[in-house]
Amino acid sequence: MVTQRLVQIREVTEKDLSTILSIEYKCFKDPYPLSLLNRLRVMHPDGFLVAEADGKVVGYVIVVIKWGATGHIMAIGVDPIYRRQQIGSTLIKHAMDRLRAKGAKLVRLEVRKSNIGAQQFYLKLGFNRMEEIPYYYEDGETAIAMERSIED
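3 is the number of the first residue of the sequence shown in our numbering; add one for each residue after it.
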């Protein structure tokens, strides 16, 4: 049985970065380094959101506006012990609200071709597979580009 937790979404602070780095290492083969996370925090503070549950940061999302009216989900991660509790969905919803408020009409992301679970998660949120991008990741793996409208 999945426990429903009270989750708060807020903008990232510098104090959150070590926890976010820990989540990166739990979630990804090629985690963002702390220096990049800090640069993104400084450059895009309103697009770098964290989820708090049980008094601690358990997930995050980083979004930016690119290419005019297109939002880009650069990263999303949820601590594995907090998955399947709507935290990722809640982060995406808040991120899309932020992007919509800035004029974005479309949201795009890339996901590893081998990460079927993440692709299914995004499909449930209304994203569509658009194209494959060969050699996208540092280890040479192909990415699947996905996008969805946020004008709905």
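Every residue, glycine too, gets a C-beta built ideally from N, C-alpha and C.
Among 153, 81 and 70, which has the Cα closest to the Cα of residue 63? The sequence position of residue 63 within the sequence shown is 61, counting from 1. Nearest of 153, 81 and 70 to residue 63, Cα basis: 81.
Buried versus exposed, by CB contacts within 10 Å (16 or more), residue 27: Counted from its first residue, the sequence shown places residue 27 at position 25. Its Cβ having fewer than 16 others within 10 Å, residue 27 is exposed.
So what's residue 40 in DSSP terms, helix, strand or just coil? Translated into the one-based positions of the sequence shown, residue 40 becomes position 38. The answer is helix: DSSP assigns residue 40 an H, G or I state.
Does the distance from the C-beta atom of residue 127 to that of residue 94 stay below 8 Å? Taking the sequence shown and counting its residues from 1, one reaches residue 127 at position 125. Taking the sequence shown and counting its residues from 1, one reaches residue 94 at position 92. Against a cut-off of 8 Å, the Cβ pair of residue 94 and residue 127 comes out as a contact.
Whole-angstrom Cβ separation of residue 111 and residue 74, contact assumed at under 8 Å? In the sequence shown, the residue the question calls residue 111 occupies position 109. In the sequence shown, the residue the question calls residue 74 occupies position 72. That belief holds up - the Cβ atoms of residue 111 and residue 74 are roughly 7 Å apart, short of 8 Å.
Evaluate residue 103 with the Cβ neighbour count: other Cβ atoms within 10 Å of its Cβ, from every protein chain shown; 16 or more gives buried, anything less gives exposed. By one-based count along the sequence shown, residue 103 stands at place 101. Exposed is the call here.
Would you report the Cα separation of residue 100 and residue 46, rounded to the nearest angstrom? As a first step, residue 100 must be located in the sequence shown, where it is residue number 98. As a first step, residue 46 must be located in the sequence shown, where it is residue number 44. So the two alpha carbons sit approximately 11 Å from each other.
Taking C-alpha atoms, which residue in 113, 150 and 119 lies nearest to residue 135? Here residue 135 is taken as the residue at index 133 of the sequence shown, counted from 1. Here the closest residue by C-alpha is 113.
Determine contact between the region 83-90 and the region 41-61, defined as no fewer than three beta-carbon pairs at a distance below 8 Å. yes
Assuming residue 9 and residue 43 make a contact with CB atoms under 8 Å, what is their CB distance in whole Å? Locating residue 9 in the sequence shown gives position 7, where the first residue counts as 1. Locating residue 43 in the sequence shown gives position 41, where the first residue counts as 1. With 8 Å as the limit, residue 9 and residue 43 do not qualify as a contact, their Cβ atoms being about 20 Å apart.
Kindly give me the distance between the Cβ atoms of residue 71 and residue 120, rounded to whole angstroms, as I take these residues to be in contact under 8 Å. Within the sequence shown, numbered from 1, the residue matching residue 71 stands at position 69. Within the sequence shown, numbered from 1, the residue matching residue 120 stands at position 118. The Cβ separation is near 25 Å, so there is no contact.
Bridge partners for residue 130 per DSSP, in chain order? Sequence index remark: in the sequence shown, residue 130 carries index 128 (1-based). DSSP output for residue 130 lists 149 as bridge partner(s).
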